[in-house]
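K.L.:
Chains as they are written, first to last, in our numbering: chain A, 1 to 171; chain B, 1001 to 1171.
Shown next, in the form of structure tokens:
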């Protein structure tokens, strides 16, 4: 399978359109805190991977585990794209039965996104809005995610701080 | 990272709600043909992985490569969920800037899905509807994907036939 897991190939150069997000490429590990008015606060460990194949998108995958017992918690997966003038597009699927389409802007080594579409399956909880902010300083990535869900207004949900995985170089 | 790539853990049992889709779990490789009234037909190789972590969703990832020169073509990533009575939910993110939320029904070792929501970013092409049919017989997975896009009505877009990757057992 060309380019598949079993056949390493020469890494493709980053697509030029992705320059505003190059600082995000890599594997990131760390911890986060979740909260919302309707739930008990919780702590999690997290791994985020942002990768590319030379085409004009970054592949994004995230997983979290409970700090308490290592059981899997959330995951999400999708793609980042860049339009012109620092405009950024994000599409994400969530195992909770949601899709999220967000638009925003990159500035330096940070990006701020606001959902334009959030849709849920019949068994999914009501989520109406998601805002994300990510910023990298050196080898440290910090993010904040705010959410409007289950009838509550937009408010803090997740805060995380990750570091570039050992052995990785900045792109 | 518990459960992460670096730390293999004992595989969790499949969540009971996923019984209607157990036949889909695995790694699948094969070939497909793409067509649409607005493009030249094209052939691709493909890898599909459907996996789980014991929670009530299946993680889904797909990649395709050109048969001609092995260059990456499409990819998509998301999650399958089961509701009651064979009802199935699918959420997918596409690197083309689309999110797709589809509802359908599992029957035996097949599933038929129709999009309930398709949304695209400002730089994405117009896609308004996606229908998917997947069926497994033995170690062979066949699928068809129809699409309504760029002003055309719902019609054939992708047809693929994959086999369970070598060394994999049926779940």
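All residues carry an ideal CB built from backbone N, CA and C; glycine is no exception.
Taking 6 Å as the cut-off, is the C-beta of residue 33 of chain A nearer than that to any heavy atom in the ligand GDP?
P.N.:
This structure lacks the ligand GDP; in fact it carries no ligand of any kind.
K.L.:
Is it the case that the Cβ atoms of residue 33 of chain A and residue 159 of chain A are separated by a distance below 7 Å?
P.N.:
Position 33 of the first chain holds residue 33 of chain A. Position 159 of the first chain holds residue 159 of chain A. Between residue 33 of chain A and residue 159 of chain A, the CB-CB gap stays under 7 Å.
K.L.:
How would you call residue 1125 of chain B, buried or exposed, if buried means at least 16 neighbouring beta carbons within 10 angstroms?
P.N.:
Start at 1 with the first residue of the second chain, and residue 1125 of chain B comes out as number 125. Exposed is the call here.
K.L.:
Taking residue 1017 of chain B as the reference, give the member of B/1088, B/1120, B/1097 with the closest Cα.
P.N.:
In the second chain, counting from the first residue as 1, residue 1017 of chain B sits at position 17. Answer by Cα proximity: B/1088.
K.L.:
Considering only their Cβ atoms, is the gap separating residue 65 of chain A from residue 48 of chain A smaller than 7 Å?
P.N.:
Translated into the one-based positions of the first chain, residue 48 of chain A becomes position 48. Translated into the one-based positions of the first chain, residue 65 of chain A becomes position 65. No.
K.L.:
Taking a contact to mean a Cβ-Cβ separation below 7 Å, would you say residue 943 of chain B touches residue 1127 of chain B in this structure?
P.N.:
The requested residue 943 of chain B does not occur in the structure, where chain B is confined to residues 1001 to 1171.
K.L.:
Using 7 Å as the threshold, is the C-beta distance between residue 1086 of chain B and residue 1060 of chain B below it?
P.N.:
For the purposes of this step, residue 1086 of chain B is identified with residue 86 of the second chain, where counting begins at 1. For the purposes of this step, residue 1060 of chain B is identified with residue 60 of the second chain, where counting begins at 1. Result no, Cβ atoms of residue 1086 of chain B and residue 1060 of chain B do not sit closer than 7 Å.
K.L.:
What is the DSSP secondary structure of residue 14 of chain A, reduced to helix, strand or coil?
P.N.:
Here residue 14 of chain A refers to the residue found at position 14 of the first chain. Coil at residue 14 of chain A, not helix or strand.
K.L.:
Which whole-angstrom value describes the C-beta separation of residue 1141 of chain B and residue 1154 of chain B, a residue pair presumed to lie in contact below a C-beta threshold of 8 Å?
P.N.:
In the second chain, residue 1141 of chain B corresponds to position 141, counting from 1. In the second chain, residue 1154 of chain B corresponds to position 154, counting from 1. Distance from residue 1141 of chain B to residue 1154 of chain B at the Cβ level is roughly 22 Å; contact not present, criterion being Cβ atoms closer than 8 Å.
K.L.:
Using the three-state DSSP reduction, which class does residue 1 of chain A fall into: helix, strand or coil?
P.N.:
Counted from its first residue, the first chain places residue 1 of chain A at position 1. Reliability fails at residue 1 of chain A, whose pLDDT of 47 lies under 50, so the model's placement of it is uncertain and the value that follows must be treated cautiously. Coil, per DSSP.
K.L.:
Indicate whether at least one CB of chain B lies closer than 7 Å to the CB of residue 165 of chain A.
P.N.:
By 1-based counting over the first chain, the position of residue 165 of chain A is 165. False, the Cβ-Cβ gap to chain B never drops below 7 Å.
K.L.:
Rounded to whole angstroms, how far is the Cβ of residue 121 of chain A from the Cβ of residue 101 of chain A, which I believe are closer than 8 Å?
P.N.:
Your numbering for residue 121 of chain A matches position 121 in the first chain. Your numbering for residue 101 of chain A matches position 101 in the first chain. Incorrect: roughly 15 Å between the Cβ atoms, too far for contact.
K.L.:
Put residue 150 of chain A into one of helix, strand or coil per three-state DSSP.
P.N.:
Along the first chain, one-based indexing puts residue 150 of chain A at 150. Reduced to three states, the DSSP call for residue 150 of chain A is coil.
K.L.:
Pull up the distance between the alpha-carbon of residue 1045 of chain B and that of residue 44 of chain A, whole angstroms please.
P.N.:
Along the second chain, read from residue 1 onward, the residue named residue 1045 of chain B stands at position 45. Along the first chain, read from residue 1 onward, the residue named residue 44 of chain A stands at position 44. If I take the Cα positions, the gap works out to 38 Å.
K.L.:
Using the Cα positions of residue 83 of chain A and residue 1151 of chain B, report the straight-line distance between them to the nearest angstrom.
P.N.:
Translated into the one-based positions of the first chain, residue 83 of chain A becomes position 83. Translated into the one-based positions of the second chain, residue 1151 of chain B becomes position 151. Taking the straight line joining both Cα atoms gives about 23 Å.
K.L.:
Cα separation between residue 8 of chain A and residue 73 of chain A?
P.N.:
As a first step, residue 8 of chain A is located in the first chain; it is residue number 8 there, counting from the start. As a first step, residue 73 of chain A is located in the first chain; it is residue number 73 there, counting from the start. Confidence is the limiting factor: at residue 8 of chain A the pLDDT is only 44, short of 50, which leaves the residue's position unreliable, though a coordinate-based value still follows. So the two alpha carbons sit approximately 30 Å from each other.
K.L.:
So what's residue 19 of chain A in DSSP terms, helix, strand or just coil?
P.N.:
Translated into the one-based positions of the first chain, residue 19 of chain A becomes position 19. In the three-state scheme derived from DSSP, where H, G and I count as helix and E and B as strand, residue 19 of chain A is classed as helix.
K.L.:
Please list the residues of the segment 1150-1163 of chain B that have a C-beta atom closer than 8 Å to any C-beta atom in chain A, keeping them in chain order.
P.N.:
none
K.L.:
Nearest to residue 1015 of chain B by CA position, among B/1038, B/1055, B/1170, is which residue?
P.N.:
Taking the first residue of the second chain as position 1, residue 1015 of chain B is located at position 15. The residue with the shortest Cα to Cα distance from residue 1015 of chain B is B/1055.
K.L.:
Just by C-beta distance, which residues in the segment 1111-1135 of chain B are closer than 7 Å to chain A?
P.N.:
1117, 1119, 1121, 1122, 1123
K.L.:
If the cut is a Cβ gap below 8 Å, which residues of chain B does residue 92 of chain A touch?
P.N.:
Counting from one through the first chain, the residue named residue 92 of chain A turns up at place 92. 1093, 1099, listed in chain order.
K.L.:
Within its chain, find whatever has a CB closer than 6 Å to the CB of residue 1042 of chain B; leave out the 5 residues flanking it on each side and keep chain order.
P.N.:
Taking the first residue of the second chain as position 1, residue 1042 of chain B is located at position 42. Excluding positions up to five away in sequence, the list reads 1034.
K.L.:
What residues are listed by DSSP as bridge partners for residue 40 of chain A?
P.N.:
If you number the first chain from 1, residue 40 of chain A lands on position 40. None, per the DSSP bridge assignment.
K.L.:
With respect to the beta strand (DSSP E) encompassing residue 1155 of chain B, which residues constitute its N-terminal and C-terminal limits?
P.N.:
Here residue 1155 of chain B refers to the residue found at position 155 of the second chain. Start and end: 1155-1164.
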